[in-house]
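A short worksheet on the structure shown next.
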Amino acid sequence: MNRRIAIACLLLIALGAKAQQKVIQLYNGAAPGSEKWTYNEKEYGTGSGNALVYNVSHPTLTVYPADPSIATGTAVIVCPGGGFYILAIDSEGIDVAHWLNKKGVTVFVLKYRVARSLTDNPGKELGDNMKKSDFADKIKPIVPFAIADGREAIKYVRAHSADYGIATNRVGIIGFSAGGTVAASSAFNYTAENRPDFAAPIYAYIPHFLQGTVLPDAPPLFIAAATDDQLGLAPHSVDLYSKWLVAKHPAELHIYEKGGHGFGMHKQNIPTDSWIERFGDWLGLQGLLKAAIAK
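See below:
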C-alpha cells in the first residue's frame, strides 16, 4: 500500500509541475482559417510518459524556462509529431524541453492545430486511418494550419524575447515527423519576423511541394532520421540536406541504420538513443550554448 501511495504522490507531483508551466495562446481569439473549429483539446495517457494530445483547435506555447544561472539566451520551439492528428507531447515535446533546459536553453513546446479525432483513443484512430487510401487527402488541408502555427510561434518568441531573456538572433525550432514538417517549412518562405535562426527537422515529412527556394540567408539545419523508418521518410531528410549542400548553407545530417520512425526520446539501446547529444553538440558548434546578451 505504501508503494502505491508513493507512486501516486510522484504522479501528482509530476502532473502539478506540468500544470504550473506558463501557457501562451498563440493567437488573440480563434486561429485564422479555423474559426469554426469548436471542439476542445484533450489528452490521452496522461502520466504514462507517452501522452497524446489531440483535438487541438487553439494553438498554444508552453514555456519551459532555463535556469537563470545557466541560461544562454537561446530559445528552441519544440514541435511534437503525430501525423497532423495527435501530438506525442512527452517523448517529442516535454522530454526534449527538459533535456535542453539542462543546457541553458529556454524551450517553448508548440501545440499546433491537428485534425479532429472522433474517438477517445486517438492513437488507435490514427493507426486505423493511416491504413486507408484517402488518409493523405484528409490530412492535407490541416498541414498549412500547422505550418502557419510554427511561423507564428517563431514570430511570438522573437517579439517577446526580452520577457524570457532570449537573444533575438537565437530563436530556433525543432520538430518530429509532422512536427518536422512544421520545423522544415519554417526554413522556406519566411519573413524577417518569423525566420528561424536555426531549424532541426527530425524524421520529417517534407515533400517537394512543401519546399521552396533556399534563400540567401537560409538558417543552418540539423537533420536526423533512420534508414529503417517505417514510413519511408529517410529520403526526405536526404533531399533536404542536399538542397542546403547545393546552396552552400550550413547543414548537418545524421542517417542512422536502425531506429525506425518516431524514436524521439525513447531509449532502444541503439545509436539513435544519442541523437539528442548530437543535437547538443551541433548547438555548441553554432555557438548557441554560450551565454549571450539578449537583444
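If you use mature numbering (1 follows the signal peptide of the UniProt record, and there is no 0), the sequence shown corresponds to residues -19 to -1, 1 to 276, in order.
Where is the CB? At the ideal position from N, CA and C, for every residue including glycine.
All of these numbers come straight from a predicted model, not from anything done at the bench.
Thr253 is positioned such that its CB atom lies closer than 8 Å to that of Gly240.
Using a 10 angstroms sphere on the CB of Gly62, the tally of other CB atoms reaches 16 or more, which defines it as buried.
By the 16-neighbour rule on beta-carbons within 10 angstroms, Asp198 is exposed. If you draw a 10 Å sphere on the C-beta of Asp109, you find fewer than 16 other C-beta atoms in it, and that means exposed. Short of 8 Å from the beta carbon of Thr53, and not among the five residues preceding or following it, lie these beta carbons of its own chain, in chain order: Ala47, Lys84, Gly85, Val86, Arg151, Leu269, Leu270, Lys271, Ala272, Ala273. When C-beta atoms of the stretch 62 to 81 are compared with those of the stretch 99 to 118, three or more pairs fall below 8 Å, so the two segments count as touching. Here the alpha carbons of Lys23 and Thr172 stand approximately 33 Å from one another.
With fewer than 16 other CB atoms across the displayed protein chains lying within 10 angstroms of its CB, Ile51 is exposed. In the DSSP assignment, Ala164 falls within the unbroken alpha helix (DSSP H) covering 159 to 166. About 23 Å separates the beta carbon of Pro201 from that of Asp130, a gap too long to meet the 8 Å contact definition.
Annotation for His217: the continuous alpha helix (DSSP H) segment containing it runs 215 to 227.
In this structure, the straight-line span from the alpha carbon of Ile155 to that of Tyr184 is close to 11 Å.
Secondary structure at Gly131: helix, using DSSP grouped into helix, strand and coil. For Glu24, the enclosing beta strand (DSSP E) has its first and last residue at 23 to 25.
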